[in-house]
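Presented below is the structure to which this report refers.
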Amino acid sequence: MANCGISTACEYISTLTLTTVHSGWTENRALLNKVQRWVKEVVNDVKKGLDSDNGSKFKNKQLLGWCAENHIKFTRRCPYRKNDSVVRRIAGYYRLEGEDARNVMAELYEVYNKLVNYFFPSMKIISKER
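In this note's numbering, the protein residues as written are 85 to 214.
Now the structure itself:
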């Protein structure tokens, strides 16, 4: 998710949300920008599968190859279906820039990830009928 306010000009903090498909465990991580290096470092640190959107930070041969080498499952969710509500509750729609802002967001996410995973209920749809 882009923490860019009303403008995508220049660099701004981005939030990468990783969710385990089976358990629903969710980790939010603050990135200084969308460079593939930062995305790989976060995924390596968390060691969970990727369920990505259509952004170029995910749809590239370098990251797909790295996921295959490290046995990290890569799936793609339905295009144009955003799920940034958890992050928006914390960060809002403000523009966040620079290393200091990223450090604050990283500290905030470290605490908030535990709150979400241990104390907020989550449900999975077992089936749908029309």
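All residues carry an ideal CB built from backbone N, CA and C; glycine is no exception.
Excluding the 5 residues flanking residue i on each side, which residues of the same chain have their C-beta closer than 7 angstroms to its C-beta?
i, result
"V171", "M85, T99, T101, N112"
"W150", "K124"
"L148", "F158"
Can you tell me which of the options puts its alpha carbon nearest to the alpha carbon of residue i?
i, options, result
"C94", "M189, L180, L148", "L180"
"E183", "T159, L116, D129, V123", "L116"
"R32", "N197, L148, A152, K208", "Absent from the model: residue 32. The displayed extent of the chain is 85 to 214, so no value can be given."
"A114", "W122, G176, I209", "W122"
"E191", "A175, I210, S107", "A175"
"I156", "N128, Q146, F204, Y177", "N128"
"T92", "Y178, M189, F158", "Y178"
"H106", "T159, K118, L147", "T159"
Under 8 angstroms, do residue i and residue j count as touching if we go by C-beta distance?
i, j, result
"N144", "Q120", "yes"
"R186", "I97", "yes"
"T218", "V200", "Nothing can be reported for residue 218, as the shown portion of the chain is limited to 85 through 214."
To which residues does DSSP link residue i through a beta bridge?
i, result
"E111", "L102"
Which residues in the same chain as residue i place their Cβ atom closer than 8 angstroms to its Cβ, once the five residues preceding and following it in sequence are excluded?
i, result
"K208", "G108"
Just to confirm my understanding: we take residue i, look at its own chain, exclude 5 residues before and 5 after, and list those with CB closer than 6 angstroms. What are they?
i, result
"V126", "L100, R113"
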